[in-house]
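Here is the structure we will look at.
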Amino acid sequence: MAGDDEVTMVPNPYRSALEEARSRSVDPAGDIEEALAQVDRAMSAGCWVSTTADDFGAALAEHQRTLGRVRDDVIQEFDDAISGQPERVESTAWQTRWQRLAGTR
0 MAGDDEVTMV PNPYRSALEE ARSRSVDPAG DIEEALAQVD RAMSAGCWVS
50 TTADDFGAAL AEHQRTLGRV RDDVIQEFDD AISGQPERVE STAWQTRWQR
100 LAGTR
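Written out as structure tokens, the structure reads:
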């Protein structure tokens with residue numbers, strides 16, 4: 000093979016996209032987690048005391064637990080997908096054209 004038809008090893012753009020998406024996901028989840036933690040600290044310090052506040056605090060605690068589970072699950076999904084992808088692929092591999100396979104956006 001010669002010229003453009005030659006198969007070479009190239010960085011895996013699909014893996015790179017997964018890594019970038021993982022990276023973009025961590026900070027927003029952390030920001031939400033910190034915001035909920037601040038409210039929880041304020042509630043624990045007695046900023047609002049009533050039966051309604053107790054209900055709110057219980058719901059807040061559940062949201063914190065849910066967010067933690069979802070965040071961990073999503074990051075694990077990214078980690079699993081990334082670990083399943085080689086760093087380099089043949090220039091003809093599906094990973095080099097994965098965006099076209101999904102259609103245009």
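Residues in the sequence shown are numbered consecutively from 0, following numbering that gives the first Met the number 0. Virtual Cβ for every residue (Gly too), placed ideally from N, Cα, C. Treat the numbers as computed from the prediction; the structure is a model and nothing was measured.
Straight-line Cα distance separating residue j from residue i
i: Asp79; j: Glu33; result: 26 Å
i: Trp97; j: Ala52; result: 49 Å
Own chain, CB closer than 8 Å to residue i, minus 5 neighbours either side, in chain order
i: Arg21; result: Ile74, Phe77, Asp78, Ile81
i: Ala86; result: Reading off the sequence, residue 86 comes out as Glu, not Ala. Hits under 8 Å: Pro10, Asn11, Arg14.
i: Gln94; result: Asn11, Pro12, Tyr13, Arg14, Gln84, Val88
i: Ile31; result: Leu66
Close Cβ partners of residue i (< 6 Å) along its chain, the five nearest in sequence each way excluded
i: Gln63; result: Leu35
Contact set for residue i: own chain, Cβ-Cβ below 7 Å, skip 5 residues either direction
i: Arg68; result: none
Spatially closest choice to residue i from the options, by CA coordinates
i: Asp4; options: Arg99, Ser90, Ser24; result: Ser90
i: Ala28; options: Asp71, Leu100, Arg99; result: Asp71
i: Met8; options: Asp26, Leu100, Ala92; result: Ala92
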